[in-house]
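First the structure, in the form of structure tokens, and then the observations on it.
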Amino acid sequence: MAKIGVFTCWCGENIARNVDVQAVSEAISKLPGVACSENYKYMCSEPGQTLIADKIKELGLTGVVVASCSPHMHLKTFRKTVELAGVNPYLVEMANIREQCSWVHNDKPVATAKAIELIGMAVAKVRRNAALEPIKVPVTKRALVIGAGVAGIQAALDLAAGGVEVILVEREPSVGGKMAGLSETFPTLDCSQCILTPRMVEVGQHPNIKLMTYSEVEKVDGYVGNFKVTVRKKARYVDITKCTGCGSCWNACPKKGKIPNSFDYGLGNRGAIYIPFPQAVPARPTIDADNCIRIQNMAKGKELCGICSKQCAAQAINFHDQDELVEFDVGAIVVATGYKLYSIGKEQENPNIKGYGEYGYGKYKDVVDSLQFERIISASGPTGGEPKRPSDGATPKTIVFIQCTGSRDNAKGITYCSKICCMYTAKHTMLFKHKVHDGTAHVFYMDIRSGGKMYDEFVRRAIEQDGAQYHRGRVSKIEKVTVDGQTKYRCYGADTLAGTPCVVDADMVVLACAMVPSTGVKSLAQKLSVGYNEYGFLSESHPKLRPVETNAAGVFVCGACQGPKDIPETVAQASAAAGKALIMLSQPFLTREPEIATVDEKLCAACGACVKACPYKAISIEEIRDRKGNLVKMTSRVNPGLCMGCGTCVAVCPSKSVDLIGFTDDQVYAQIESLLD
Amino acid sequence: MNIGYYPGCALHGSSIDYETSVRACMKALDVQLDELDDWICCGATAAHCINHKLSVALPARNLGIAEKMKMDKLFAPCPMCSMELKKASDELKANPELRKEMAEIVETPVDGTVDVVNLIQVFQTVGFDAIAEKAKEKLWRFKPACYYGCLLTRPPKTLQFDDPEDPTSMEELLKKLGAEPVDWNSKTVCCGAGLTLADEPAVAEQVRKILQDALDNGANCVVVACPMCQVNLDMRQADAKKLGLTQDVPIFFLSDLVALAVGLEGKDLDFAKRYVAIPNEMKKTDPKPEDPKPAKPVAAKKEGAAQ
Numbered sequence: 001m002a003k004i005g006v007f008t009c010w011c012g013e014n015i016a017r018n019v020d021v022q023a024v025s026e027a028i029s030k031l032p033g034v035a036c037s038e039n040y041k042y043m044c045s046e047p048g049q050t051l052i053a054d055k056i057k058e059l060g061l062t063g064v065v066v067a068s069c070s071p072h073m074h075l076k077t078f079r080k081t082v083e084l085a086g087v088n089p090y091l092v093e094m095a096n097i098r099e100q101c102s103w104v105h106n107d108k109p110v111a112t113a114k115a116i117e118l119i120g121m122a123v124a125k126v127r128r129n130a131a132l133e134p135i136k137v138p139v140t141k142r143a144l145v146i147g148a149g150v151a152g153i154q155a156a157l158d159l160a161a162g163g164v165e166v167i168l169v170e171r172e173p174s175v176g177g178k179m180a181g182l183s184e185t186f187p188t189l190d191c192s193q194c195i196l197t198p199r200m201v202e203v204g205q206h207p208n209i210k211l212m213t214y215s216e217v218e219k220v221d222g223y224v225g226n227f228k229v230t231v232r233k234k235a236r237y238v239d240i241t242k243c244t245g246c247g248s249c250w251n252a253c254p255k256k257g258k259i260p261n262s263f264d265y266g267l268g269n270r271g272a273i274y275i276p277f278p279q280a281v282p283a284r285p286t287i288d289a290d291n292c293i294r295i296q297n298m299a300k301g302k303e304l305c306g307i308c309s310k311q312c313a314a315q316a317i318n319f320h321d322q323d324e325l326v327e328f329d330v331g332a333i334v335v336a337t338g339y340k341l342y343s344i345g346k347e348q349e350n351p352n353i354k355g356y357g358e359y360g361y362g363k364y365k366d367v368v369d370s371l372q373f374e375r376i377i378s379a380s381g382p383t384g385g386e387p388k389r390p391s392d393g394a395t396p397k398t399i400v401f402i403q404c405t406g407s408r409d410n411a412k413g414i415t416y417c418s419k420i421c422c423m424y425t426a427k428h429t430m431l432f433k434h435k436v437h438d439g440t441a442h443v444f445y446m447d448i449r450s451g452g453k454m455y456d457e458f459v460r461r462a463i464e465q466d467g468a469q470y471h472r473g474r475v476s477k478i479e480k481v482t483v484d485g486q487t488k489y490r491c492y493g494a495d496t497l498a499g500t501p502c503v504v505d506a507d508m509v510v511l512a513c514a515m516v517p518s519t520g521v522k523s524l525a526q527k528l529s530v531g532y533n534e535y536g537f538l539s540e541s542h543p544k545l546r547p548v549e550t551n552a553a554g555v556f557v558c559g560a561c562q563g564p565k566d567i568p569e570t571v572a573q574a575s576a577a578a579g580k581a582l583i584m585l586s587q588p589f590l591t592r593e594p595e596i597a598t599v600d601e602k603l604c605a606a607c608g609a610c611v612k613a614c615p616y617k618a619i620s621i622e623e624i625r626d627r628k629g630n631l632v633k634m635t636s637r638v639n640p641g642l643c644m645g646c647g648t649c650v651a652v653c654p655s656k657s658v659d660l661i662g663f664t665d666d667q668v669y670a671q672i673e674s675l676l677d
Numbered sequence: 678m679n680i681g682y683y684p685g686c687a688l689h690g691s692s693i694d695y696e697t698s699v700r701a702c703m704k705a706l707d708v709q710l711d712e713l714d715d716w717i718c719c720g721a722t723a724a725h726c727i728n729h730k731l732s733v734a735l736p737a738r739n740l741g742i743a744e745k746m747k748m749d750k751l752f753a754p755c756p757m758c759s760m761e762l763k764k765a766s767d768e769l770k771a772n773p774e775l776r777k778e779m780a781e782i783v784e785t786p787v788d789g790t791v792d793v794v795n796l797i798q799v800f801q802t803v804g805f806d807a808i809a810e811k812a813k814e815k816l817w818r819f820k821p822a823c824y825y826g827c828l829l830t831r832p833p834k835t836l837q838f839d840d841p842e843d844p845t846s847m848e849e850l851l852k853k854l855g856a857e858p859v860d861w862n863s864k865t866v867c868c869g870a871g872l873t874l875a876d877e878p879a880v881a882e883q884v885r886k887i888l889q890d891a892l893d894n895g896a897n898c899v900v901v902a903c904p905m906c907q908v909n910l911d912m913r914q915a916d917a918k919k920l921g922l923t924q925d926v927p928i929f930f931l932s933d934l935v936a937l938a939v940g941l942e943g944k945d946l947d948f949a950k951r952y953v954a955i956p957n958e959m960k961k962t963d964p965k966p967e968d969p970k971p972a973k974p975v976a977a978k979k980e981g982a983a984q
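Here the protein sequences come in this chain order: C and Y.
581 is the number that my numbering gives to position 581 of the first sequence; each next residue is one higher, with no gaps.
860 is the number that my numbering gives to position 183 of the second sequence; each next residue is one higher, with no gaps.
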């Protein structure tokens, strides 16, 4: 005989405003199997939970329904409550009469009637609930960190310090990411390289960190605590265990200084065998096969050049190097793949549309993006930190900075604010002024967003002390003109505060482009079963309470792959992700929710419909053999470690031989029937 | 190839030389123009400013006739017409209720299925390479500044064949025909448009700015694909010269240059109707003389490599 306790919450006024809670309690008390029907102002509070526990003990309840908010909010809370009172936690159901009822209806009698029906459904279900036990799975105490920018470096160092073995995978030949190319950082103007390079050295040397540069994640199988990862080590043509990083090879390369260096965003040049920048970790070269005379001619059967190999005393160069696939097991994965800038003139949805064709980016050399400008004013950059414009090397006296290039522009498909551009543009104006004392920086902006410790003070300093000219308005067009024999870029803008058009003849223009997720992040997210938003930023599990977890158990995110953010925030988030991963890896085993699919193997015809439908690759076709080893039949079988309990297989099974524990057909039909009664 | 043809008012009135040029050029390219029966006004600037329904209904009637005549593509050489027709056809395609309503208003069924194209898109349909094959780099004397004006590529949502702010399709075509289009600043600025009647001095100054920019960047002519642009740049040039424009600039329709490239001459193209005289060496083309000493090929420096 079922003894169900129903506990209806007022949620202060949230529910009680539109639902007559007292009437609901009375109506529910008359349902068959309901032993008590109580209501209270805040059921999630200490007295509310005590009320539930007391009733369980007093009446010996066999099931509990809490009618309140969404189960996303408080299911865990109430499961714990009943468990402490001695009832299996899976014998709790929640009826959502807040988000799905009181918040969306104005008519009190109608909302009250709906609340009664919603609770009635939950009662019908809980009567058929079974006591369940969480699934236990073992844990591999090793972590994978994808991306070795400042986020990945921080996460890897924290994990390693926590005693966990870390595999740090980086796509580029060196760790460091975007931050390694920055000049000085806001709001303190400390040098980016000075604060990052020691960290880069540390990840290169840490005994717990295995660094895999010039490598990409190819495949991820398995599940939380037990991932199987395949990484592609791209052919580097240099054996970095033999190489000493002496530099004879890259100094001898006949292509030296002829190939645009992507680390300098094309402003500086390198050879076919190169290290991207002198402080690279590992400080070992890579051969760019597309530009190598030797490798390009090998296919034609010719043996040309090979000068680097002849120079190499360590015999580290191997022109026949091949990509290599490496497999390993990890328990947790931290994704830190970072960002890139919205690329004007490229990668638009419609290839005919350039996006800001009016700014002439790509056509005018002196119109650069903000990462290029970082290289121009960086001491490690191609000009050694001297502000020189790319077209003719002249020192620019007037620079126009255009903020929100791409950001907050619906026409370009990017509605969000990239968050850091106001700050780094203010920084750019300062650094420029500190190097060119008679120079003038003009900034066109939409709003100044400088929330953060010492941030607004920093922008005020740029304006008040360093004389940056701020104009609130957009630039509609940039024209290349000749004024007194000098090439100028005439920026037609508006100053909407003054209410006038504002035309500035600039020597150089810097576009503060929107931050977008780095190339390939969507395919990586699909490999990891991690969600992403319409722009490709990876989705955290909860924006406030689970900011570094994802919906894929055991996969954590940090840095700009999750959304635009600056260095301090990135580092904090990276440490948070490492901390969460450490908590998980410190358990002897992991528990998972038992609400997963199960196959009735006698009924199953092994048609494979569920195998195809399963988004988590959790179902496989297996053989059933008798004791003598004869094949009895084929069946599909669910891997409990992989199943996420989505129920897709249940919906597609033609013979109804799959069921979802905790959401069985029996339970769901009982809910529907209660609605029809 | 056959293609539906909607001349619009300008090509039967003030810009009749544009129609001569378009028809001659299309004939030379073996494109047969099937003119729409009983076509009416596209709505132009007036309709959409006053009444949205009217701005759909006027093009809708034309589109309905085109559908009745079983046309796949409808070519409107005036960008105002092609934009209005395209805009209406996009709206009709997306909205079944609007289709029903319009069919009643214009008394003919209309689905918005006809593909409306402008002059550049017709050349794209024929194929730039196919045209180049016929032309053999004959435009070597021409250094055109390609002028798109406001409507050819805008609004960008409606016309997606080229970038609205930095279009390059005319340059692409003319380069293949041997011309050397110049890089200049004014390719999408306003020509003054209807102000030509209301505020002549404003248009004259606008024309001066545009043409001086073309000259300063080394152009020896301007190429347009819009009758309004042509009228302003050509007719108001005398006034622009009074304001300081340094020399005459011949104004061509894009169809003129393509026609010249495939062997037609000025007399076939109504050049006599132009206000600014077309210089004799631009009235016909001849094969590019062999360069006795071919210049050393300069390694193409990649401007875009940085990005």
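Ideal Cβ placement from N, Cα and C applies to all residues, glycine included.
Same chain, Cβ closer than 8 Å to residue i, five either side skipped, listed in chain order
i: Phe800 (chain Y); result: Ile808, Leu850, Leu931, Val935
i: Ala982 (chain Y); result: Reliability fails at Ala982 (chain Y), whose pLDDT of 45 lies under 50, so the model's placement of it is uncertain and the value that follows must be treated cautiously. Excluding positions up to five away in sequence, the list is empty.
i: Ile420 (chain C); result: Met515, Pro564, Lys565, Asp566
Cut-off 6 Å between Cβ atoms - residues of its own chain near residue i, not counting five sequence neighbours on either side
i: Thr230 (chain C); result: Glu218, Lys219, Leu325, Glu327
i: Lys427 (chain C); result: Phe186
i: Phe7 (chain C); result: Glu38, Met43, Ile52, Val66
i: Lys114 (chain C); result: Cys101
i: Asp221 (chain C); result: Lys228
i: Cys755 (chain Y); result: Gly685, Ala687, Pro904
i: Cys312 (chain C); result: Cys249
Own chain partners of residue i with C-beta closer than 7 Å, once the 5 adjacent residues on each side are dropped
i: Thr697 (chain Y); result: Leu946, Asp947
Unbroken beta strand (DSSP E) run spanning residue i, endpoints
i: Tyr223 (chain C); result: 215-223
Selection from the options that minimises the alpha carbon distance to residue i
i: Asn261 (chain C); options: C:Val367, C:Ala252, C:Lys55, C:Asp288; result: C:Asp288
i: Glu761 (chain Y); options: Y:Lys745, Y:Ile782, Y:Pro736; result: Y:Pro736
i: Ala577 (chain C); options: C:Arg546, C:Arg592, C:Asp659, C:Val509; result: C:Arg546
i: Leu371 (chain C); options: C:Leu524, C:Glu117, C:Cys513; result: C:Cys513
i: Ala235 (chain C); options: C:Phe277, C:Thr286, C:Val503; result: C:Thr286
i: Leu182 (chain C); options: C:Leu118, C:Thr213, C:Ala151, C:Phe263; result: C:Phe263
i: Val510 (chain C); options: C:Lys633, C:Tyr535, C:Tyr359; result: C:Tyr359
i: Lys544 (chain C); options: C:Ser518, C:Gln573, C:Leu675; result: C:Gln573
Within 8 Å, strictly: CB atoms of residue i and residue j
i: Phe663 (chain C); j: Glu595 (chain C); result: yes
i: Ala156 (chain C); j: Val145 (chain C); result: yes
i: Ile797 (chain Y); j: Met748 (chain Y); result: no
i: Ala917 (chain Y); j: Arg951 (chain Y); result: no
i: Leu642 (chain C); j: Lys617 (chain C); result: yes
i: Lys255 (chain C); j: Ile317 (chain C); result: no
i: Thr496 (chain C); j: Gly473 (chain C); result: yes
Local Cβ density within 10 Å of residue i, reported as buried at 16 or more and exposed below that
i: Ile583 (chain C); result: exposed
i: Tyr669 (chain C); result: exposed
i: Thr679 (chain C); result: Because residue 679 (chain C) is not part of the residues shown, which for chain C are 1 to 677, the question remains open.
i: Glu673 (chain C); result: exposed
i: Gly177 (chain C); result: buried
Residue range of the alpha helix (DSSP H) that includes residue i
i: Asn251 (chain C); result: 248-252
i: Gly176 (chain C); result: Here Gly176 (chain C) belongs to no alpha helix (DSSP H), and DSSP marks it neither H nor E.
i: Met912 (chain Y); result: 904-912
i: Lys125 (chain C); result: 108-126
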